[in-house]
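A.B. asks:
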Amino acid sequence: MDQGVIRNIKCFYRRHLLEDNGITLLTAMHMLLHAWEQVTATTIANCFRHSGFAAGSEQDSCDDGMDGAENLMPVALRATIQGIRFVEYVEVDTCASVCGALTDENIAAQVAGA
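Written out as structure tokens, the structure reads:
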């Protein structure tokens with residue numbers, strides 16, 4: 039469930055990154071808050087449905103109307119990342135590992151409390 043919500047937040051957050059070059063930590067936190075506020079209840083419901091918590095059809099988890107978002111890029115940033123599509127930019131970390139792989143021995147040790 040959370041992957042759809044996280045992906046949706048990243049879509050909105052990265053859109054904000056493209057709008058402003060003077061980003062501080064506080065600004066980034068405000069941008070993240072604003073991105074979270076843009077995630078709709080429909081997106082969260084769709085993520086639950088996709089996870090199997092509710093019956094229904096699966097829908098795209100990033101329903102934010104990103105069409106034409108390439109036009110939001112400042113000229114300097116556009117020149118820097120020329121040749122990269124916006125969708126590639128938004129989904130750059132889709133396949134990134136977020137946790138290590140556990141072996142059977144690791145799992146058994148954790149269960150045993152070792």
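Each residue of the sequence shown is one higher than the one before, starting from 39 at the first, in my numbering.
From the three backbone atoms N, C-alpha and C, an ideal C-beta is built for every residue, glycine too.
Note that the structure is a prediction, hence the values are computed from the model and not measured.
Decide if the region 121-141 is in contact with the region 76-90; the criterion is three or more beta carbon pairs, one per stretch, under 8 Å apart.
C.D. replies: Taking 8 Å as the limit for Cβ pairs, the verdict is that the region 76-90 does not touch the region 121-141.
A.B. asks: Run the CB neighbour count on residue 133, radius 10 Å, all protein chains shown included, and call it buried at 16 or more, exposed below.
C.D. replies: So residue 133 ends up on the exposed side.
A.B. asks: Does the distance from the C-beta atom of residue 55 to that of residue 67 stay below 9 Å?
C.D. replies: No, Cβ-Cβ distance for residue 55 and residue 67 is not below 9 Å.
A.B. asks: Is residue 148 helix, strand or coil when you go by DSSP?
C.D. replies: It is helical.
A.B. asks: Run through DSSP, which three-state label would residue 76 get?
C.D. replies: Note: residue 76 maps to helix in three-state DSSP.
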